[in-house]
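So for the sequence shown, the UniProt record's numbering puts the first residue at 1; every next one is plus one. The structure under discussion appears below in the form of C-alpha cells.
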Amino acid sequence: MDDLKLPDTLYLHVIRSAYARARVERVKGGINASEFNASLTSVGEGAFTGKSFVAMHAFASERVNFFGEPVAAVLGRTPYEAADLAESVEVDYEPLKPVLTIEDALSSEPIHSGTNSNVLSSYELGNRFKL
C-alpha cells in the first residue's frame, strides 16, 4: 500500500518499549494510552469466558510486559516526518525484573493485573497414578 499515494494521507509511527518488563512512569508527546485506550474496546475483552484471558489495549499504560509493546504513536505527512516526530516522544520507564523462563513465570507474581497467576489453564490427561 505504500506505493498508493492519496491526498491528505497520514503515516503512523509506533513508539515501542525498549524493555522486556517495566513500569511506564511518563509518556510525553504522541498519542498514548491516556488519550487512546479509553475510546477503544480492548482486543479479547468479553470475547472469551471460562479462561483467564487478559484484555490487551492498543497502548501500554502502567506497565509494559514485553519488548516492543506499543507505548505511543505519532502521525506525519510522510513516513520520514512520522519517524522524526517519534524521536521527540519521551517515555520514562522504571525497569522491572523480566519474566524470561517458565520457572520465572511459575514463581513470580502475575504479569497481568487482574489475574491470579501466570497460568492460563491446566489439564490432566490419563491416570497419573496408574503406571
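We treat Cβ as the ideally placed atom computed from N, Cα and C, and that holds for glycine.
Q: Return the bridge partner residues of residue 132 from the DSSP annotation.
A: Residue 132 lies beyond the stretch modelled for the chain, which goes from 1 to 131, so this question has no answer here.
**Q.** Of the residues Lys97, Asp3 and Ala86, the one placed nearest glycine 30, counting alpha carbons only
**A.** Ala86
(Q) Using 8 Å as the cut-off, can you tell me whether the stretch 95 to 113 makes contact with the stretch 69 to 82, which would need three or more C-beta pairs spanning the two stretches below that distance? (A) Under the Cβ criterion (8 Å, minimum of three pairs), the stretch 95 to 113 does not count as touching the stretch 69 to 82.
Q. Grouping DSSP H, G and I as helix and E and B as strand, with all else coil, what is alanine 58?
A. coil
**Q.** For leucine 75: DSSP bridge partner residues
**A.** In the DSSP output, where bridge partners are listed per residue, leucine 75 has Leu12.
**Q.** Status (buried if at least 16 other CB within 10 Å, exposed otherwise) for arginine 21
**A.** buried
(Q) Once the 5 residues before and after serine 17 are set aside, which same chain residues still bring their CB inside 7 Å of it? (A) The beta carbon of serine 17 lies closer than 7 Å to those of Ala60, Val64, Phe67, Gly68, Glu69 and Val71 in the same chain, with the five residues before and after it left out.
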